[in-house]
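Using this note's numbering, read the sequence shown as starting at 52 and increasing by one per residue.
Note that the Cβ used here is the ideal one computed from N, Cα and C, for glycine as well.
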Amino acid sequence: MTRTSLFGHTARLAMTLGLTGALAAPLQAADGDLPPGHYRLPDDGDLVGEVTTVEAAEEDTLIDIGHEHGIGYEAMVRANPDISVWYPGEGTEVTIPGRFILPDAPREGVVVNVAEMRLYYYPPRAEGEPATVETYPIAVGRMDWQTPLGTTTITDKIKDPAWYPPQSIIEEHAADGRSLPSVVPPGPDNPLGRYKMRLGIPGYLIHGTNKPEGVGMRVTHGCIRMLPEDIDALFPRLPQGTQVRLVNDSFKLGWADDTLYVQAYPYLDEEQGTTIQRVTEALAQVEASIDADDYPLDYGRLREVVEVPSGMPVALKVPEEPEQPEPTPAPETLYDRLELVFAEPGFMNHLSFDG
Numbered sequence: 052m053t054r055t056s057l058f059g060h061t062a063r064l065a066m067t068l069g070l071t072g073a074l075a076a077p078l079q080a081a082d083g084d085l086p087p088g089h090y091r092l093p094d095d096g097d098l099v100g101e102v103t104t105v106e107a108a109e110e111d112t113l114i115d116i117g118h119e120h121g122i123g124y125e126a127m128v129r130a131n132p133d134i135s136v137w138y139p140g141e142g143t144e145v146t147i148p149g150r151f152i153l154p155d156a157p158r159e160g161v162v163v164n165v166a167e168m169r170l171y172y173y174p175p176r177a178e179g180e181p182a183t184v185e186t187y188p189i190a191v192g193r194m195d196w197q198t199p200l201g202t203t204t205i206t207d208k209i210k211d212p213a214w215y216p217p218q219s220i221i222e223e224h225a226a227d228g229r230s231l232p233s234v235v236p237p238g239p240d241n242p243l244g245r246y247k248m249r250l251g252i253p254g255y256l257i258h259g260t261n262k263p264e265g266v267g268m269r270v271t272h273g274c275i276r277m278l279p280e281d282i283d284a285l286f287p288r289l290p291q292g293t294q295v296r297l298v299n300d301s302f303k304l305g306w307a308d309d310t311l312y313v314q315a316y317p318y319l320d321e322e323q324g325t326t327i328q329r330v331t332e333a334l335a336q337v338e339a340s341i342d343a344d345d346y347p348l349d350y351g352r353l354r355e356v357v358e359v360p361s362g363m364p365v366a367l368k369v370p371e372e373p374e375q376p377e378p379t380p381a382p383e384t385l386y387d388r389l390e391l392v393f394a395e396p397g398f399m400n401h402l403s404f405d406g
């Protein structure tokens, strides 16, 4: 890992701003013997999962397909911009953006990347077993109810919780002409779903939902909302005291097979820097991770990833040009021979010009 000089950084920034590139990325083999969304941690690298395609059935929505493969709403829409959310159509090929760069955080406990709207869980490693990671889509806080950042723990766990909405949410509903009781009992109308895990940050939870279509969106009042089947699987395996890191990493970097990948997501705050500032910051992060003199960095592709964050891992390596075969000599023609003959020394002396 080396950091380039300010001069080199500035020169490369100028090059970045004038180039474009493709967004292709090679696929990684799936961990077929593990449940969906569970992966072996790479021995040397930072990427897990794969990008795949499936065919939609007649009754499918893009949301249904995403949930079946552990992908939330926004991620599915970004990966399939030309496909109808509510009616993809039978036989339509749908992209499943299921390859992830692991967040830049210790690989232990729970890591929540708010910008990515994903939760990563690193279960304790049993002796003799490979280290694994599990990843799940989540919903996070709206612009005016942002999910907090920092390191905390799970302090309490409750099955079939009642919901006691805070006064601020009761007033918000009242302003929209909707009434909200002081307590919502367990059941299908409870927005917490069947499970809640209280965090050490007062007022914030990881919980289920009775509106799974909102998972993968910014729709909560700051809490972390999971699909019912996901929290059902995770709840019994997270003891009190489990560490939870909440990060906002909208630009992730990772290595696989000596290739640097980046994965970018829209900023949670649309006013969080201009495009040029974002490109500059991304370039600084990339150049801090490579030997700029040796690594064939694709600056145009980097710029495109920052400007149009697709949420897909993108390789930042300039593809090697295939070797060009030696050109085959063209067959000699009569005119070629005449040119050679006329070019021979003394040829003109053999000609006579009689008047």
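Discussion item. Just list the residues that DSSP pairs ASP207 with in beta bridges.
Written reply: Paired residue(s): ARG249.
Discussion item. Can you look up VAL298 in the DSSP assignment and give me helix, strand or coil?
Written reply: VAL298: strand per DSSP, three-state reduction.
Discussion item. Let me make sure I understand the geometry here. Which of GLN328, GLN291, GLN336 has the alpha-carbon closest to that of GLU358?
Written reply: Closest by alpha carbon: GLN328.
Fill in: Proximity of ASN261 and PRO290 at Cβ, strictly below 7 Å
If you check the CB distance, ASN261 and PRO290 do not come in under 7 Å.
Discussion item. Check this for me: beta carbons of GLY140 and MET127, under 7 Å apart or not?
Written reply: Contact flag unset, no.
Discussion item. For the alpha helix (DSSP H) containing HIS258, name the first residue and the last one.
Written reply: Counting along the chain, HIS258 sits inside no alpha helix (DSSP H); it lies in the beta strand (DSSP E) bounded by residues 256-258.
Practice prompt. Reducing DSSP to helix, strand and coil, say where GLN336 ends up.
Written response: Taken through DSSP and simplified to helix, strand or coil, GLN336 comes out as helix.
Worksheet item: Would a C-beta distance cut-off of 7 Å place TYR312 and SER301 closer than the cut-off?
Response: No. Outside cutoff.
Worksheet item: Cβ of LYS210 within 7 Å of Cβ of TYR246?
Response: In contact: LYS210 and TYR246 (Cβ atoms closer than 7 Å).
Worksheet item: Is the CB-CB distance between PRO279 and GLY259 below 7 Å?
Response: Yes, they are a contact pair.
Discussion item. Tell me whether the stretch 353-367 and the stretch 326-340 touch, counting them as touching only if at least three CB pairs, one residue from each stretch, are closer than 8 Å.
Written reply: Touching, yes.
Discussion item. Could you check whether VAL266 and PRO181 sit closer than 7 Å to each other, using their CB atoms as the reference points?
Written reply: For PRO181 and VAL266, no; Cβs fall outside 7 Å.
Worksheet item: Smallest Cα separation from GLY160: which of MET277, THR143, ALA190, GLY292?
Response: Answer by Cα proximity: GLY292.
Fill in: Euclidean distance between Cα positions of ARG249 and CYS274
Their Cα atoms are separated by approximately 10 Å.
Item to complete: Mark PHE163 as exposed unless 16 or more other C-beta atoms lie within 10 angstroms of its C-beta, in which case mark it buried.
Response: Note that residue 163 is Val in the sequence shown here, rather than Phe. Taking every protein chain shown into account, the CB of VAL163 has 16 or more other CB atoms within 10 angstroms, so this residue is buried.
Practice prompt. Can you grab the Cα-Cα spacing for the pair PRO347 / VAL337, in whole Å?
Written response: Using only the alpha carbons, I get a separation of about 12 Å.
Worksheet item: What span of residues does the beta strand (DSSP E) with ALA315 cover, start to end?
Response: Going by DSSP, ALA315 is part of the beta strand (DSSP E) stretching over 310-315.
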